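K.L.:
First to last, the protein sequences are chains A, B, C and D.
Taking the numbering used here, I'd label the letters of the first sequence as residues 1 to 298.
Taking the numbering used here, I'd label the letters of the second sequence as residues 1001 to 1298.
Taking the numbering used here, I'd label the letters of the third sequence as residues 2001 to 2298.
Taking the numbering used here, I'd label the letters of the fourth sequence as residues 3001 to 3298.
Would you mind keeping the following structure in view while I ask a few things?
Number of protein chains: 4
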Amino acid sequence: MKFSGVFPPLTTPFAEDDSLALDRLRENVARYNRTRLAGYVVSGSTGESVLLDRGEIENVWETVREAAAPEKCLIAGTGAESTAETIERTRRAAEIGYQAALVKTPHYYKPQITPELLIEHFLRVADASPIPVLLYSVPQFTGVAIEAAVVVRLAQHPNIAGIKESSGSVQRVSEIIAAAPDEFETLVGSASTFYASLAIGAVGGILALACVFPELCIELYESTVVRDEGRAVALQRQLLAPALTIVSKHGVPGVKYAMDQLGYFGGPPRRPLLPLDDAARRDVDAVLAAVASDVSPV
Amino acid sequence: MKFSGVFPPLTTPFAEDDSLALDRLRENVARYNRTRLAGYVVSGSTGESVLLDRGEIENVWETVREAAAPEKCLIAGTGAESTAETIERTRRAAEIGYQAALVKTPHYYKPQITPELLIEHFLRVADASPIPVLLYSVPQFTGVAIEAAVVVRLAQHPNIAGIKESSGSVQRVSEIIAAAPDEFETLVGSASTFYASLAIGAVGGILALACVFPELCIELYESTVVRDEGRAVALQRQLLAPALTIVSKHGVPGVKYAMDQLGYFGGPPRRPLLPLDDAARRDVDAVLAAVASDVSPV
Amino acid sequence: MKFSGVFPPLTTPFAEDDSLALDRLRENVARYNRTRLAGYVVSGSTGESVLLDRGEIENVWETVREAAAPEKCLIAGTGAESTAETIERTRRAAEIGYQAALVKTPHYYKPQITPELLIEHFLRVADASPIPVLLYSVPQFTGVAIEAAVVVRLAQHPNIAGIKESSGSVQRVSEIIAAAPDEFETLVGSASTFYASLAIGAVGGILALACVFPELCIELYESTVVRDEGRAVALQRQLLAPALTIVSKHGVPGVKYAMDQLGYFGGPPRRPLLPLDDAARRDVDAVLAAVASDVSPV
Amino acid sequence: MKFSGVFPPLTTPFAEDDSLALDRLRENVARYNRTRLAGYVVSGSTGESVLLDRGEIENVWETVREAAAPEKCLIAGTGAESTAETIERTRRAAEIGYQAALVKTPHYYKPQITPELLIEHFLRVADASPIPVLLYSVPQFTGVAIEAAVVVRLAQHPNIAGIKESSGSVQRVSEIIAAAPDEFETLVGSASTFYASLAIGAVGGILALACVFPELCIELYESTVVRDEGRAVALQRQLLAPALTIVSKHGVPGVKYAMDQLGYFGGPPRRPLLPLDDAARRDVDAVLAAVASDVSPV
């Protein structure tokens, strides 16, 4: 299994003047390097990649490539709306040294995004990519889901190695695992259903919550691997409120704020995203306090 | 735990002239009696209760009460749109000898079905009911979900014993289990996520698929209880396509047709429901054949 | 045109003990008789028919039949979930003297409610009905819309006279009018798009808002008939906030409360519906005050 | 009224090698110049702007600026996900000579796209823009609608001149017109509800269908202005099927294919969009033939 375990989709730090704060990014990565995180996803949704220009994205890729410990698996988010641009970005990520490309669905022209279109798009990207492709289905942002039948069709391609399934639908994850070849790797993007997904056969998670609580996410993953079900369930329960409040409800600004509270550099999101207001901060503070005090179940 | 294990929501057999075929119902129950099913849910969604009149519903309740083995737990579906009628039906079910009432949400006036309305409705029913109440959330039919916060509020009532959560959302099941009192029992209505739900703390399932495959559903449940995770995952995988094809896709007519193929009496649904057409029958036949031949994993 | 003009879907008055307040219903009808309303729809959604039992529905039908002025067209809401019960109710309404039946879609088993099922259901009802049938599509309550292609197919039946289209989609109303035979009558159920619907060819409205403001609704209709576009647009603008606030937002309890403020008997809704709370009352009061003071545009 | 009348959102022609075919664009514009189109929207959704890079967008802007007849109003689509990039694009469009900017909503981080975020985003863009801003709400592509209350708030800004409302909701158009200042201009993006929208006060349309049938769209608009309601309704009826089939169902590839059939240059869409398959072409052909033969009503 090449992509098993826990991957944080790294946030992109910005300076006061809205430029990239690459030093801060290096510091975050240095700290993550000391954990058993499997690797890093760079310029995904949590990395605000849709708010970065091409030059910025490449700067971020290079910075993380240099800062990452050598054993960490590096995955670049390379999906763009256009097939041609997705291929260009994927090739560039490979040149910089990334080991896989995470390719989200095109999504703007929703009524025309048919299964056939998705299959053609991903096959072309996979054909052209020097590195393995991971499909990325994130309907809460894109409004487009990759249905199981499409995944299974794409899983036949030798250069499509797996999927990040972020819908939170455990049923769809089950369908994919049941029907795809054994070597196809299913990772999930939803921390609130991480344990349930691992229980039915997912091999890992690309979890925004792992930017905030890498150790707890790793411990949940490892408890499942060693079949310590009691501990895994307790950890999942502990992570449920943080997943729902910090990630689902407050999004990138919530993740960044929580990181700031825990010694990472989160910093402000880029506009149009707004920093948390006072009520939202209290909301996140309460969840962080509950996790900090929750020693009994774990 | 009073409501743990596997319950089929019994189908209602109809004769050629569209009247109740109560003898056929007795025969089905006699056969189910020989399994380790925990009990029966009578006049739920799968029982076409919305297509029965009050007299028919009581006939069905009495028939199953008489036919059921004494150790089986009997649960009556008593939810109607009106609060007063729901209370009347619940009291009548208790008189006939039912041990609990499964009460679905009112749902017609959707924009007015607020959390407050749901709380008032269920509290009144629970206050008036001589038997424990199980909440029933089935948004795929009603368009109304009981959110976790509402469940948690209602779980404080001493006569609200649990919930049948049929949305298929493992996240919502997790939220309920995490926040409700320990004695509150969460059952699920979705066979496709049965194992995942049990893994995170659900105590049982009210599964239309158990009308067709009671033994396999029981075996999945019992494998989970004894922590035979390998077998549980294999069984879940075996039941996935039947759950999606027979139950989710083809509904009550699909369940009845599959029952007919396996020696139960399914028979026709009541109109407006239509019996399966040829293509749908072939669809179900293929799934049944796959289950029959799938001896290896189990 | 048999069903053109404005029809209020009459509310059902309840006494303090939750029984029918038929005298109050007679009083409301007596007052409506003095307007140019085209007739009355009895036991529709606004009439809380899903909260009434069969005996109550027939009492209401008889009461309105007796109270209505002879020139008023009487339409009974007869749609039930079961085809057979819908037919029974329709025949009973005809016996009592109703001139048409308004038949809402079955809707509980949503995944099985296919175009084919809807066509079979409505054709059977139309075949069996002694009086003309009006289709009723109200997806905001049922979750089921009758698509234009289904309407057009059903419009071929000699006993299906028209539709009450309550989705609020002017596009769907256009599609129906463009494709159905000329004699098929399209009424709408949404006061917020009443003028736009009339402008593209609808012949009338069955409007909950006409329970509150019959004269204004009639005036809007008549202004359109005589092509006084300026007055029609001004009236539509005046009725927009009441339609959205009283009907769409606050539903039957909102309509009843507003009726109480204007000298009709509204009274309490039946549970689970809740009477308006203080904030909702103020919301409706503000809208009523604005209509009362809005003398300039009309 | 600065933005009244009919505007086509110009398609972007591509050569066989997927590069911009600017000569073809000039030819299309030259032909449109001979009509009473009010102006051109360049690099909107129909212009595949999400599939173009920044350099290509500017080339297209310059080409149309040069090719357009001097009386045509030029509007540039400048909305990007990031506020800063939206401002940059808007300033560049102004430099090139565009008279207004059409700014679609940011939409990727849907759960965080609150009314507050939308207000802050558009106010910043409006503050920084040298030219008037038109809001652009197109939920069928973005999954984000600008609710009437947000429009009304933004309409207070002196540099926000109007909106292109493409949801197809006539009710929302009514709400905006009722509540916004008189000088705020509401254009719609849905040809299937163009007449209904004009009837309740919209001042024009930015219609993909006007790329295919500019004359018929103009005639519908002008018939409404001169209150020839009979002709307007007939034209709307004639344009209904083309709007639904060519634009809503088949999208940009449908519009381009239809243009090719009518002597414009449509050409292939850019990937991931796929050209129409045979069945889709026949679908569009049938609609085009029906319009061509439909001489009677107009």
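Glycine residues also receive a C-beta, built at the ideal position from the N, C-alpha and C atoms.
Bear in mind the structure is a predicted one, so any value in this text is a computation, not a measurement.
May I have the straight-line CA-CA distance separating PRO3115/D from ASP2283/C, to the nearest angstrom?
P.N.:
Between PRO3115/D and ASP2283/C, the C-alpha separation is close to 21 Å.
K.L.:
List the residues that DSSP assigns as beta-bridge partners of PHE1003/B.
P.N.:
PHE1003/B is not bridged to any residue.
K.L.:
Mind checking the stretch 3228-3241 of chain D against chain C and listing, in chain order, the residues whose C-beta falls within less than 8 Å of any C-beta there?
P.N.:
Of all residues in the stretch 3228-3241 of chain D, GLU3229, VAL3233, GLN3236, ARG3237, LEU3240 and ALA3241 have a Cβ within less than 8 Å of some Cβ in chain C.
K.L.:
Rounded to the nearest angstrom, what separates VAL2298/C and SER3167/D at their Cα positions?
P.N.:
Note that VAL2298/C scores a pLDDT of 39, beneath 50, so its modelled location is shaky; the value from the coordinates is reported in the next line. Those two C-alpha atoms are separated by around 29 Å.
K.L.:
Here's a check: name, in chain order, each residue in its chain whose Cβ is nearer than 6 Å to the Cβ of GLN3261/D, leaving out the five neighbours to either side.
P.N.:
Cβ within range, chain order: LEU3288.
K.L.:
Please confirm whether TYR299/A and ARG231/A have their CB atoms less than 8 Å apart.
P.N.:
Here chain A has residues from 1 to 298 only, and residue 299/A is not among them.
K.L.:
Mind checking whether the beta-carbon of PRO1008/B lies closer than 7 Å to any heavy atom of the ligand NAD?
P.N.:
No copy of the ligand NAD occurs in the structure displayed, which carries no ligand at all.
K.L.:
Quick check for students: name the residue ranges of the alpha helix (DSSP H) that lie wholly in the stretch 3195-3258 of chain D, counting only runs of 4 or more.
P.N.:
You should have 3209-3212, 3214-3225 and 3229-3242.
K.L.:
Express the C-alpha separation of LEU1123/B and VAL290/A in angstroms, rounding to a whole number.
P.N.:
Reading off the sequence shown, one finds Ala at residue 290/A, where the question assumed Val. Using only the alpha carbons, I get a separation of about 30 Å.
K.L.:
Report the rounded CA-to-CA distance for ARG3065/D versus ARG3092/D, giving the unit in angstroms.
P.N.:
ARG3065/D and ARG3092/D: Cα-Cα distance of roughly 13 Å.
K.L.:
If I follow the unbroken beta strand (DSSP E) through SER3045/D, where does it start and stop?
P.N.:
Taken as a continuous stretch (DSSP letters only), SER3045/D belongs to no beta strand (DSSP E), as it is neither H nor E.
K.L.:
Tell me whether PRO106/A is buried or exposed, calling it buried when 16 or more other Cβ atoms sit within 10 Å of its Cβ.
P.N.:
PRO106/A comes out buried.
K.L.:
Is the beta carbon of VAL2188/C closer than 8 Å to that of ALA2202/C?
P.N.:
Yes, these two residues count as a Cβ contact at 8 Å.
K.L.:
Pull up the CB-CB distance for CYS217/A and ALA191/A, whole angstroms please, since I reckon it's below 8 Å.
P.N.:
Right, the Cβ-Cβ distance comes to about 7 Å (below 8 Å), so this counts as a contact.
K.L.:
Provide the residue span of the beta strand (DSSP E) that contains GLU3185/D, from first to last.
P.N.:
Counting along the chain, the beta strand (DSSP E) containing GLU3185/D begins and ends at 3185-3188.
K.L.:
DSSP three-state call for TYR2136/C: helix, strand or coil?
P.N.:
Three-state DSSP puts TYR2136/C in a strand.
K.L.:
Relative to chain C, which residues along the stretch 1125-1152 of chain B have a C-beta separation below 7 Å, given in chain order?
P.N.:
Answer set for the stretch 1125-1152 of chain B: GLN1140, PHE1141 and GLY1143.
K.L.:
Mind pulling the alpha helix (DSSP H) runs of 4 or more residues that sit fully within the stretch 1126-1171 of chain B?
P.N.:
Counting only runs of 4 or more, we get 1139-1142 and 1148-1154.
K.L.:
Can you tell me whether PRO1009/B is helix, strand or coil according to DSSP?
P.N.:
Reduced to three states, the DSSP call for PRO1009/B is strand.
K.L.:
Should LYS110/A be flagged as near chain D, meaning a C-beta pair shorter than 8 Å?
P.N.:
Answer yes: the Cβ-Cβ gap between LYS110/A and chain D drops below 8 Å somewhere.
K.L.:
Against chain B, does GLY2204/C count as a neighbour if the rule is that its beta carbon must be under 8 Å from one of theirs?
P.N.:
No, GLY2204/C does not count as interfacial toward chain B.
K.L.:
Alpha carbon to alpha carbon, how far is ALA1094/B from GLU2185/C?
P.N.:
Taking the straight line joining both Cα atoms gives about 49 Å.
K.L.:
What are the residues that DSSP puts in a beta bridge with GLY2077/C?
P.N.:
LEU2102/C, per the DSSP bridge assignment.
K.L.:
Less than 8 Å between the C-beta atoms of SER1072/B and LEU1025/B, yes or no?
P.N.:
The sequence as given places Lys at residue 1072/B; Ser does not occur at that position. No, Cβ-Cβ distance for LYS1072/B and LEU1025/B is not below 8 Å.
K.L.:
Examine chain C for any beta-carbon lying closer than 8 Å to the beta-carbon of HIS1157/B, and answer yes or no.
P.N.:
By this cut-off, HIS1157/B is not an interface position.
K.L.:
Pairing CB atoms from the stretch 1120-1140 of chain B with CB atoms from the stretch 1096-1106 of chain B, are three or more of them under 8 Å?
P.N.:
Counting Cβ pairs under 8 Å, three or more are found: they touch.
K.L.:
In three-state DSSP terms, what is GLY55/A?
P.N.:
GLY55/A: helix per DSSP, three-state reduction.
K.L.:
With 16 as the cutoff for other CB atoms within 10 Å, does GLN3238/D come out buried or exposed?
P.N.:
So GLN3238/D ends up on the buried side.
K.L.:
Once DSSP output is grouped into helix, strand and coil, what is the label at PHE1014/B?
P.N.:
Here PHE1014/B sits in strand by DSSP.
K.L.:
Between the C-alpha atoms of ILE3146/D and VAL3125/D, what's the straight-line distance to the nearest angstrom?
P.N.:
Approximately 16 Å, taken between the alpha carbons.
K.L.:
In terms of DSSP beta bridges, what is LEU20/A paired with?
P.N.:
Looking at the DSSP assignment, LEU20/A forms a beta bridge with PHE14/A.
K.L.:
So who's on the other strand from GLY39/A, going by DSSP bridges?
P.N.:
BP columns for GLY39/A point to CYS73/A.
K.L.:
Could you check if GLN2171/C is buried or exposed, using at least 16 other CB atoms within 10 Å of its CB as the buried criterion?
P.N.:
So GLN2171/C counts as buried.
K.L.:
Between ASP2127/C and ASP2182/C, what straight-line distance do the alpha-carbon atoms span, to the nearest angstrom?
P.N.:
Going by the C-alpha atoms only, they are around 21 Å apart.
K.L.:
Can you tell me the Cα-Cα spacing of ALA30/A and PRO242/A, whole angstroms?
P.N.:
Distance between the alpha carbons of ALA30/A and PRO242/A is about 24 Å.
K.L.:
Assign ALA2068/C to one of three DSSP states: helix, strand, or coil.
P.N.:
Three-state result, ALA2068/C: coil.
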